[in-house]
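S.K.: This note's numbering puts the first residue of the sequence shown at 301, with every later residue one more than the last.
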Amino acid sequence: MTAEISPKDLKARLDAGETIAVIDVREDWEVARGMIDGATHIVMNDIPDSLDQIPKDQPVVFVCKSGRRSEQVTDWVAAQGYPNVLNMSGGVMRWTQEVDPSFPGRY
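(1) How is Glu398 classed by DSSP in three states: helix, strand or coil?
(2) Quick check on the burial criterion: 16 or more other C-beta atoms within 10 angstroms. Buried or exposed for Gly338?
(3) Please classify Val377: does DSSP put it in a helix, a strand, or coil?
(4) Which of the three DSSP states, helix, strand or coil, is assigned to Ala321?
(5) Would you mind working out which of Trp329, Pro383, Asp400, Val392 sits nearest Thr302, comparing C-alpha positions?
(6) Enumerate, from N- to C-terminal direction, the unbroken alpha helix (DSSP H) stretches of 4 or more residues contained entirely within the segment 315-373.
(7) Alpha carbon to alpha carbon, what distance is there between Ser366 and Val392?
(8) How is Met301 classed by DSSP in three states: helix, strand or coil?
(9) Thinking C-alpha only, which one of Ile305, Ala379, Glu304 is nearest Ile347?
(10) How would you write the range of the beta strand (DSSP E) that Asn387 sits in, first residue to last?
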């Protein structure tokens with residue numbers, strides 16, 4: 301089962317100063333509309349070749365539009381031995397509803 305975090309909980313942890321790697325796995329054209337502040341962009345299909353960019357020593361939250369692609373990535377990365385990976389449930393669509401209605405990447 302995929303470990304998840306809600307957009308509100310992610311925002312609260314980031315605001316509290318917790319070190320969390322947020323990785324946006326959407327396509328280039330999607331992130332061109334906007335990303336969560338501080339996030340890193342790695343397209344979903346590039347994840348297998350980009351594991352060296354994903355930290356093992358801190359929580360990692362994967363994000364996409366709706367949470368489906370990032371759920372697949374979260375499960376795959378966890379299977380590669382990453383101990384603290386989470387999927388942001390609902391993706392940036394839920395982020396815009398619950399955290400930041402002015403988010404530039406709103407769908």
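Glycine included, C-beta positions come from ideal geometry on N, C-alpha and C.
M.R.: In short:
(1) As a working mapping, residue 398 is identified with position 98 in the sequence shown. Of the three classes helix, strand and coil, the one that applies to Glu398 here is helix, per DSSP.
(2) As a working mapping, residue 338 is identified with position 38 in the sequence shown. Exposed, since its Cβ has fewer than 16 Cβ neighbours within 10 Å.
(3) Against the sequence shown, residue 377 aligns to sequence position 77. Three-state result, Val377: helix.
(4) Counting from 1 along the sequence shown, the entry for residue 321 is found at position 21. Note: Ala321 maps to strand in three-state DSSP.
(5) Taking the first residue of the sequence shown as position 1, residue 302 is located at position 2. Here the closest residue by C-alpha is Pro383.
(6) 328-331
(7) Stepping through the sequence shown from its first residue, residue 392 is reached at position 92. Stepping through the sequence shown from its first residue, residue 366 is reached at position 66. Distance between the alpha carbons of Val392 and Ser366: 6 angstroms.
(8) Sequence index remark: in the sequence shown, residue 301 carries index 1 (1-based). Reduced to three states, the DSSP call for Met301 is coil.
(9) Walking along the sequence shown from the start, residue 347 turns up at place 47. Minimum Cα distance to Ile347 is reached at Ala379.
(10) The residue given as residue 387 occupies position 87 in the sequence shown. Asn387 -> beta strand (DSSP E) spans 385-388.
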